[in-house]
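No gaps in the numbering here: position 127 of the sequence shown is 120 in my numbering, and each next residue is one more.
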Amino acid sequence: MVPVGAIGGVARHVLDVVRTGIPGWRIVVLTPAGPLSDRLHGLGVPTLVESFGPEAGLAASRRALSHAVSRLRPDVVHTHLAFADLTAATIARGPAALISTEHGIAADDRVYHGSSVRSAAAAAAHRARLARFDALIAVSAATARAMQAKWHPRRPITVLPNGVDRPAPDPAANDRAPGLRITSLARLSPEKGLPELLDAFAVVLADHPDARLTVAGEGPLRDELVRRSRVLGIDDAVKFPGFVDAAAQLSRTDVLAQLSVWENCSYSLLDAVAAGVGVVATPVGGNPEILPARCLVGRDDPEAIAAVLVDQGLTIARRPTLPDSWPSCSDMTARLAGIYASAATAKERPWLT
């Protein structure tokens, strides 16, 4: 169950899972109409496109999910994102096991909820719905710690990071070269630290006039960021191309910069590391589980950020590599199969209605 139709981190996770397959399990995806459902259809994945998600509202979403469960009689209902979690907790599911993967919780509630009142209400709702779930998955250890601190679940939390496949070796490909082509791949919103990135890039540009910055994506800060680049006098070296193909952009990037307030398990970081790109990120959330300390820097010091950008761009040996223990997509789905089997066969109680 995915309550958003756009292509983002959760959609990427779902697409990787269905492409790889969960051994021994048939997957059907329930999602609203949008780019995700289009891609799922293109892959030949059984997909129920329904009025489901925040835009459809709770009543319509409950009807869609109830109908899907009645029609399919699933062994497992697997929810992604808070709206799906909370909706699933309100319906009767017969013998189906209910599993949740948490992709988006932050240590600081203001990142996602904006106010203490909203965050308290959200925490209370999640604590109530957790009583109905048979298995809980977190995409990073930091995510699991935040879940434990805020929601106090009685069930253990399984940490299962987003899987990423390492590119196949290509003897004909040129090795990565030093350079200062810097890219941000993020929504243009306050929590992504983009004003701070522009400030740091101005420091880089003063010493390296050939450096270039691409701020890809869209969002509410676009106009403000364009103005800031002009005020800083760096607009000739900065591009705002809107949405781009992330893989293609990484192929022409030397350093990925991501100065977020919080990340759970960032696909942008994983893809950059797998591709041999330098990375500069904040030491928040799951980032330290992906990156070594030399790639991590606080977002409040432009000179320090600039120094790490230059180090990652010009010193190839300092760029990060994926930990040997990091799961591939097939590793991830094999572990999902085990979680599904355990939840479906070892239920402690029948579902309440």
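Each residue gets a CB set at the ideal place from its N, CA and C atoms; glycine is no exception.
> Going by beta carbon distance, what residues of the same chain come within less than 6 angstroms of residue 347, once the five residues before and after it are set aside?
Replying inline: Given that the chain is displayed from residue -6 to residue 346, the structure contains no residue 347 and the question cannot be resolved.
> Given that a residue counts as buried once 16 or more other Cβ atoms are within 10 Å of its Cβ, and exposed if not, what is residue 36?
Replying inline: Taking the sequence shown and counting its residues from 1, the one referred to as residue 36 is at position 43. Exposed, because fewer than 16 other Cβ atoms sit within 10 Å of the Cβ of residue 36.
> Taking the alpha helix (DSSP H) that residue 143 falls in, what are its first and last residues?
Replying inline: On the sequence shown, position 150 is the one that residue 143 refers to. Run containing residue 143: 134 to 144, per the alpha helix (DSSP H) assignment.
>> Report the CB separation of residue 227 from residue 193 in whole angstroms; it is logged as a contact under 8 angstroms.
In response: Counting from one through the sequence shown, the residue named residue 227 turns up at place 234. Counting from one through the sequence shown, the residue named residue 193 turns up at place 200. Actually they do not touch by this definition, with Cβ atoms about 11 angstroms apart.
> Which one of 182, 144, 161 and 254 has the shortest CA to CA distance from residue 216?
Replying inline: In the sequence shown, the residue the question calls residue 216 occupies position 223. Of the candidates 182, 144, 161 and 254, the one whose C-alpha sits nearest the C-alpha of residue 216 is 182.
>> With H, G and I counted as helix, E and B as strand and the rest as coil, what does DSSP make of residue 11?
In response: Locating residue 11 in the sequence shown gives position 18, where the first residue counts as 1. DSSP places residue 11 in helix when its eight states are reduced to three.
>> Can you look up residue 71 in the DSSP assignment and give me helix, strand or coil?
In response: Reading the sequence shown from its first residue, position 78 is the one you call residue 71. Strand.
> Is the beta carbon of residue 434 less than 7 angstroms from the beta carbon of residue 288?
Replying inline: The question about residue 434 has no answer, for the chain in this structure spans -6 to 346.
>> For the region 123 to 143 against the region 299 to 307, do three or more pairs of beta-carbon atoms, one drawn from each stretch, fall closer than 8 angstroms, so that the two count as touching?
In response: no
>> Please classify residue 318 as buried or exposed, where buried requires at least 16 neighbouring CB atoms within 10 angstroms.
In response: As a position in the sequence shown, residue 318 is number 325, starting the count at 1. By the neighbour-count rule (16 or more Cβ atoms within 10 Å), residue 318 is not buried but exposed.
> Where are the beta strand (DSSP E) runs, 3 residues long or more, that stay fully inside the region 151 to 198, in chain order?
Replying inline: 174 to 178
> Do you know offhand how far residue 235's Cα is from residue 93's?
Replying inline: Residue numbering aside, residue 235 sits at position 242 when the sequence shown is read from its first letter. Residue numbering aside, residue 93 sits at position 100 when the sequence shown is read from its first letter. In a straight line, the C-alpha of residue 235 is about 32 angstroms away from that of residue 93.
> Looking only at DSSP bridge pairs, what is residue 289 linked to?
Replying inline: Here the question's residue 289 lines up with position 296 in the sequence shown. 274, per the DSSP bridge assignment.
>> Using a Cβ-Cβ cutoff of less than 8 angstroms, which residues in the same chain neighbour residue -1 once the five nearest sequence positions on both sides are dropped?
In response: Counting from 1 along the sequence shown, the entry for residue -1 is found at position 6. Here the set comprises 27, 28 and 29.
> In or out: residue 314 buried (at least 16 other Cβ within 10 Å) or exposed?
Replying inline: As a position in the sequence shown, residue 314 is number 321, starting the count at 1. Exposed, because fewer than 16 other Cβ atoms sit within 10 Å of the Cβ of residue 314.
> Helix, strand or coil: which one does DSSP assign to residue 24?
Replying inline: For the purposes of this step, residue 24 is identified with residue 31 of the sequence shown, where counting begins at 1. In this structure, residue 24 counts as strand in the three-state DSSP scheme.
>> Less than 7 angstroms between the C-beta atoms of residue 136 and residue 184, yes or no?
In response: Within the sequence shown, numbered from 1, the residue matching residue 136 stands at position 143. Within the sequence shown, numbered from 1, the residue matching residue 184 stands at position 191. Cβ atoms of residue 136 and residue 184: not closer than 7 angstroms.
>> Considering Cα atoms alone, identify which of 16, -5 and 299 is closest to residue 325.
In response: Taking the sequence shown and counting its residues from 1, one reaches residue 325 at position 332. Measuring from the Cα of residue 325, the nearest candidate turns out to be 16.
> residue 247 to residue 281, Cα distance in whole Å?
Replying inline: Position 254 of the sequence shown, counted from the start, is the residue given in the question as residue 247. Position 288 of the sequence shown, counted from the start, is the residue given in the question as residue 281. C-alpha separation (whole angstroms): 20 angstroms.
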